[in-house]
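S.K.: For the sequence shown, my numbering gives the first residue as 1, with consecutive numbering after it.
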Amino acid sequence: MGSGKSDVKNVLIMRHGEAGQGFPDHARPLTPRGVKEVSVMAQWLAKRIEQGELPCPTLYASPFVRAQQTAQLIADALGCSLQTLSFLTPDDRLSTVGNWLLNLPDDGPIMLVSHMPLVGELTGRLVEGALSQGMSFPTAAIAELEAEVLATGCATLKRFTQPSQLS
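1. So, helix, strand or coil for N99, using DSSP?
2. How far does the alpha helix (DSSP H) with M14 in it reach, from first residue to last?
3. Alpha helix (DSSP H) containing Q69: first to last residue?
4. Should the stretch 38-46 be called in touch with the stretch 85-104, which here means at least 3 C-beta pairs below 8 Å?
5. State the start and end residues of the unbroken beta strand (DSSP E) segment that holds L112.
6. Who are the near neighbours of E37 in its chain, counting only those whose CB is closer than 7 Å to its CB and skipping five residues on each side?
7. Would you please state the rounded distance, in angstroms, between the beta carbons of A143 and L157? I believe it to be under 8 Å.
8. DSSP beta-bridge partners for I49?
9. For T161, name the three-state secondary structure that DSSP assigns.
10. What is the rounded straight-line gap between the Cα of R66 and the Cα of Q72?
11. Between the C-alpha atoms of P29 and P105, what's the straight-line distance to the nearest angstrom?
12. Looking at the unbroken alpha helix (DSSP H) that takes in L59, where does it start and where does it end?
13. Expressed to the nearest angstrom, what Euclidean distance is found between the alpha-carbon atoms of V35 and P90?
14. Just to confirm the assignment: which complete beta strand (DSSP E) runs, minimum length 3, are found wholly within the stretch 127-155?
15. Could you tell me whether the Cβ atoms of V127 and L145 are closer together than 8 Å?
16. Whole angstroms are fine: how far does the CA of S39 sit from the CA of P117?
17. Within the continuous beta strand (DSSP E) that includes L82, where are the two ends?
18. Taking P32 as the reference, which of E121, Q69, L122 has the closest Cα?
Shown next as structure tokens:
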């Protein structure tokens, strides 16, 4: 066991960019505004990684089209790998994601790209420990959490950033 910062896990939780209306839900693509929102966030993350402020995360995304498009824009900007997780959709259980996080090997920061209500509920659960309504998450917003253990109520919200703050 190390001490200090090496034991701390960093998790970025991102909501996909603005998506168009339509059916079926899983096939809804990003709108031009959504692409712009995500691009702003991707450039901001890339600059922070370049400056050594943020390690390059491993990227995980929902299989839904809008989340895949969002994650691909981020992956392209950061030069990181992208993996799809079937349990990151809007209808998935928080406990499934929580169990996955608890069993994740400690090999650097991760970034999840998913949907409301999952992103808000997950952030709320990790930080506050309560299954409240969770946090409000504008499209393309990113919550940055830090924790020694990625469990209920164990994380600290280090930063919450949305595209409107950067443009």
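We put the CB at the ideal spot given by N, CA and C, even for glycine.
M.R.: Based on what the coordinates show:
1. Residue state, collapsed to three classes: helix.
2. No alpha helix (DSSP H) holds M14; the beta strand (DSSP E) holding it covers 9-15.
3. Taken as a continuous stretch (DSSP letters only), the alpha helix (DSSP H) holding Q69 covers 65-78.
4. no
5. 110-114
6. G17, E18, T139, A140, P163
7. 6 Å
8. In the DSSP output, where bridge partners are listed per residue, I49 has none listed.
9. Looking at T161 - three-state DSSP - the assignment turns out to be strand.
10. 10 Å
11. 32 Å
12. Run containing L59: none in the alpha helix (DSSP H); it sits in the beta strand (DSSP E), 58-61.
13. 20 Å
14. 142-147
15. It is a contact, given that the beta carbons lie within the stated cut-off.
16. 23 Å
17. 82-84
18. From the listed residues E121, Q69, L122, the smallest Cα separation to P32 is found for Q69.
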